[in-house]
Amino acid sequence: MPDSQQQPSDGATADTTALVLCGARLADGRTVDVRLSAGRIEAVGTAGSLIARGARVDLDGYLLLPAPAEPHAHSDTALTAEGPVPYSPDDVQRRATEAALLQLSHGATALRSHVRIGGAQELGRLEAVLQARRSLRGLCDLTVVPVPRLLTGVAGADGLAMLRDAVKMGAGAVGGCPDLDPDPSGYAEAVLEVAVEHGCPVDLHTDGDDPARLARLAAMVAGLRPGVTLGPCGGLSRLPADAAARAADQLAAAGVSVVCLPQGGCGGVEQRGVAPVRLLLSAGVRLAAGSGALRDVSNPVGRGDPLEAGYLLAAQSGLRPADAYGAVSTAARAAMGLGEVRVEAGFPAELLAVRGERIAGVLSQAYSRSVIHRGRVVARTSAVREYCDSATAVVTELPRQGRSGADPGA
Ligand SMILES: [Zn+2]
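Just so we're aligned: 276 in my numbering is position 229 of the sequence shown, and the numbers increase by one with no gaps anywhere.
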């Protein structure tokens with residue numbers, strides 16, 4: 048979690064880490080220069096006002112936003128849709144790394160990934176994803192959440208021991224799927240016990256289609272610190288309206304964050320359907336959105352792109368574009384326990400520059416992007432769109448500002 052002390056801002060001392068982002072547009076319409084230093088935003092001034100100390104990046108034609116974060120990934124199964132699916136540690140590490148880099152290229156500088164533990168691999172997948180996390184240091188922050196299969200009964204004792212080992216190995220939150228255990232409440236109690244022992248946040252999978260079970264869970268986790276996240280809660284949208292509204296009120300009262308997955312299912316949940324986001328928001332639930340599966344069997348076409356999740360929240364759930372982007376950036380970071388990012392002096396330099404003018408435009412089309420993590424440009428995607436006149440073979444490059452761009456991945 049980036050949380051270092053404030054940096055001096057006199058501008059006089061040599062600073063090899065300084066980077067000035069020049070001529071970027073902000074969501075409020077201003078055009079500014081932004082100076083980054085030592086992983087934080089040091090100063091924001093009108094365009095042309097900041098002395099370039101260190102490198103400069105020209106962001107003319109780009110909208111500069113707080114970076115998205117990915118609160119719900121599945122690194123161990125990512126990129127397996129086209130199988131066969133080997134799960135050797137080397138293979139898991141390679142795919143987890145590749146998936147994180149793909150998500151980083153979309154703008155997610157912080158990722159939280161659910162990884163199964165137990166079964167024949169025991170802690171092998173977790174170790175492999177932790178290895179990937181180490182190799183990605185400096186590029187993005189990856190938090191690993193262990194997901195045990197069973198935590199109650201005779202078989203549950205092994206799962207519980209493994210969950211404790213997973214936390215000692217470096218898992219950043221305690222996870223699980225209570226609905227898969229014969230005793231969902233016992234499972235949730237076990238997860239909470241481990242979380243309290245280690246002072247870890249909790250991040251549980253639930254489909255949310257059993258109101259009584261959800262009510263028990265909400266009562267159990269109410270007020271727990273450092274925080275409880277539930278997702279994807281798609282089943283809430285299959286409940287009768289009054290039952291869904293009661294569940295939303297209980298989740299709000301318990302202070303849990305809900306991470307919905309607008310792109311559909313994920314590794315732990317078979318059913319489709321997106322949580323009723325407007326109902327949850329009107330009940331006062333802290334709502335964030337993630338991407339879930341990235342090209343595994345539960346979503347072979349998953350993109351792992353937070354801007355696509357934002358697009359779907361706006362297009363299908365009717366959120367205002369700024370709120371939809373907030374769900375994949377500010378709210379996603381909050382659900383992950385990370386400090387807030389604003390494009391203001393003193394905040395962490397976790398930023399995304401997207402070619403375009405306004406949030407609605409970049410949720411519609413976001414092809415060219417520059418991603419900034421800890422004050423450095425760590426990924427860049429550039430797209431050029433050309434219209435070709437076949438008779439004369441004349442190629443015309445369109446003006447910038449969001450109207451240009453072709454999908455380089457297509
Ligand atoms: Zn999941």
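Beta carbons: idealized from backbone N, C-alpha and C, even for Gly.
Inset, instruction - Pick out whichever of T144, A361, P118 has its Cα sitting closest to the Cα of A155. - result: P118
Inset, instruction - Would you check whether ligand 3 has a heavy atom nearer than 7 Å to the C-beta of C187? - result: With respect to ligand 3, the structure shown offers nothing to examine, as its ligands consist of ligand 1.
Legend entry - Where S304 sits in the DSSP three-state scheme: strand
Legend entry - G255 CB to nearest heavy atom of ligand 1 below 7 Å: no
Legend entry - Minimum length 3: unbroken beta strand (DSSP E) runs contained in the segment 199-226: 221-223
Legend entry - Complete alpha helix (DSSP H) runs within the segment 349-399 (minimum length 4 residues, chain order): 353-362, 368-375, 377-382
Legend entry - Proximity below 8 Å, CB of G403 to CB of H153: no
Legend entry - P131 to V344 span [Cα, whole Å]: 11 Å
Legend entry - C-alpha distance - A340 paired with V201, whole-angstrom precision: Distance between the alpha carbons of A340 and V201: 31 Å.
Inset, instruction - Please list, in chain order, all residues of the same chain as R103 whose beta carbon is under 6 Å from its beta carbon, the five residues on each side excluded. - result: V67, C69
Inset, instruction - Entirely within the segment 109-181 and at least 3 residues each: give me those beta strand (DSSP E) ranges in chain order. - result: 109-113, 117-120, 157-164
Legend entry - Cβ separation of A330 and A295, assumed to be a contact under 8 Å, to the nearest whole Å: 4 Å
Legend entry - Counterpart residues of C187 in DSSP-defined beta bridges: In the DSSP output, where bridge partners are listed per residue, C187 has none listed.
Inset, instruction - State the beta-bridge partners of I98 as determined by DSSP. - result: Its beta-bridge partners do not exist; DSSP assigns none.
Inset, instruction - Grab the span of the alpha helix (DSSP H) containing E236 for me, first residue to last. - result: 231-245
Legend entry - CB contact flag (R459, P113, <8 Å): This structure leaves residue 459 out entirely; the chain is present only between 48 and 457.
Inset, instruction - Classify R450 as buried or exposed, calling it buried when 16 or more other Cβ atoms lie within 10 Å of its own Cβ. - result: Any reading at R450 is ruled out, since the residue's pLDDT is 42, under 50, leaving its predicted position unreliable.
Inset, instruction - Kindly examine ligand 1 and report whether one of its heavy atoms sits closer than 7 Å to the Cβ of C313. - result: yes
Legend entry - Proximity winner among V91, C187, R427, V238, relative to L198 (alpha-carbon distances): V238
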